[in-house]
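The sequence shown: position 245 = 259 (my numbering), numbered continuously. Structure first, then comments.
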Amino acid sequence: MAYLKPDRPEKVYVPALRKAKKKGKKLACLTAYDYPTARIVDEAGVELILVGDSIGNVIHGYGNTIPVTLDEIVSATKAVNRGSSRALIVSDLPYGSYHVNEDETVRNALRLMKHGGAEAVKLEGGRNRVNLVKRLVDEEIPVMAHIGLTPQSVHKLGGYRVQGKTNETAQTLIDDAKMLQDAGAFAIVLELVPREVAAIITKTLEISTVGIGAGSECDIQVLVLHDLVGLTFGRLPRFVRQYADLRDVMTKAVTAWMDDVKSGNYPNDDESYGLPEAVDIDELKP
Ligand code: KIV
């Protein structure tokens with residue numbers, strides 16, 4: 015019996031990333047934190063959705079990712095899961111959820127997967143996370159690592175700056191990336207690292223690199239959706255290319271509606287419920 019191939023592209027699972035790297039095929043990853051944005055990016059065809067702790071900046075207005083809680087990521091992941099059918103869903107382990115001990119980390123990662131519907135988790139750090147990554151992978155939890163600028167370390171780093179600019183720090187990044195691969199990570203985010211360093215890491219590793227502000231050589235590119243579509247406030251990082259200005263589109267829509275309300279132009283007869291003709295209006299008492 016011959017099976018017809020469905021015309022919808024196949025669901026993306028972790029092994030698809032390595033296959034794509036082998037073929038030299040670039041993949042795309044965007045953040046999403048709710049049902050509508052998950053539907054939009056999934057239907058557009060991105061291969062990965064990251065339920066990032068950038069939710070703290072973009073959605074909750076915290077100013078950084080430190081206050082983000084596991085509950086917030088679980089809730090966002092549930093919505094994203096309902097809104098997507100194809101992309102691989104990776105959820106961030108937020109600050110504090112993997113810092114106490116391995117058992118607690120496993121519990122938190124399992125909660126993201128069992129209750130949230132995450133298909134992989136992401137955590138920040140280099141050689142200091144190697145044992146943790148091994149443990150998570152041993153428990154069948156796929157892990158994406160994250161090195162370079164790690165926003166959860168903003169207080170230690172003293173700001174959001176390019177990492178790996180000297181020979182010594184660049185070498186540390188390259189060595190960390192190899193250790194994380196050996197520990198079992200299936201991909202590594204490289205955030206704000208010189209493109210030459212990202213290129214070396216990408217060439218050296220068998221697993222995929224996921225670049226953000228790290229040049230075009232990375233296997234996968236990731237951006238915060240709200241930066242891409244112009245829904246963030248404040249200065250954008252230099253590496254962001256903004257493809258739409260939804261803030262302007264939304265402001266214009268809200269202003270037009272408000273003007274119509276105030277001029278009596280909204281609602282009009284078509285947008286209001288009239289009484290059925292059977293009701294005699296003269297019998298209604300004011
Ligand atoms: O939280 C996030 O959105 C991220 C990306 C910037 C990689 O970690």
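Beta carbons are placed, not taken as given, at the ideal position from N, Cα and C, and that holds for glycine.
- An exposed status is given to valine 114, since fewer than 16 other beta-carbon atoms sit within 10 Å of its beta-carbon.
- Of all C-beta pairs linking the segment 124–135 to the segment 160–173, fewer than three are shorter than 8 Å, placing the two stretches out of contact.
- In the structure shown, leucine 204 falls within a strand segment according to DSSP collapsed to helix, strand and coil.
- In this structure valine 243 is not in contact with isoleucine 226, their Cβ atoms being roughly 16 Å apart against a cut-off of 8 Å.
- Assigned with DSSP and collapsed to three states, glutamine 177 falls in coil, not helix or strand.
- Counting other Cβ atoms within 10 Å of its Cβ, glutamate 138 reaches 16 or more and is therefore classed as buried.
- When DSSP assignments are scanned along the segment 54–84, the uninterrupted stretches of beta strand (DSSP E) that are 3 or more residues long and fall wholly within it turn out to be 62–65.
- Taking one beta carbon from each stretch, the segment 167–187 and the segment 88–108 have fewer than 3 pairs nearer than 8 Å; the two do not touch.
- For methionine 158, the enclosing beta strand (DSSP E) has its first and last residue at 157–162.
- With a cutoff of 8 Å on beta-carbon distance, valine 28 and leucine 44 are scored as not near each other.
- Using a 10 angstroms sphere on the CB of tyrosine 109, the tally of other CB atoms reaches 16 or more, which defines it as buried.
- The three-state secondary structure of glutamate 285, taken from DSSP, is helix.
- Between the beta-carbon of glycine 66 and that of valine 238 there is about 7 Å, and that keeps the pair under the 8 Å contact cut.
- Within the DSSP bridge table, the entry for cysteine 43 names Leu62 and Val236 as partners.
- One alpha carbon belongs to alanine 292, the other to leucine 298, and they sit about 13 Å apart.
- In terms of Cβ geometry, valine 207 and alanine 228 form a close pair [threshold 8 Å].
- The criterion of a C-beta distance shorter than 8 Å is not satisfied by valine 236 and alanine 199.
- A distance criterion of 7 Å places the beta-carbon of glutamate 61 beyond contact range of the ligand KIV, judged by its closest non-hydrogen atom.
- Nearest C-alpha to arginine 53 among Leu102, Leu187 and Glu285: Leu102.
- Taking C-beta atoms as the reference points, isoleucine 234 and leucine 41 count as a pair closer than 8 Å.
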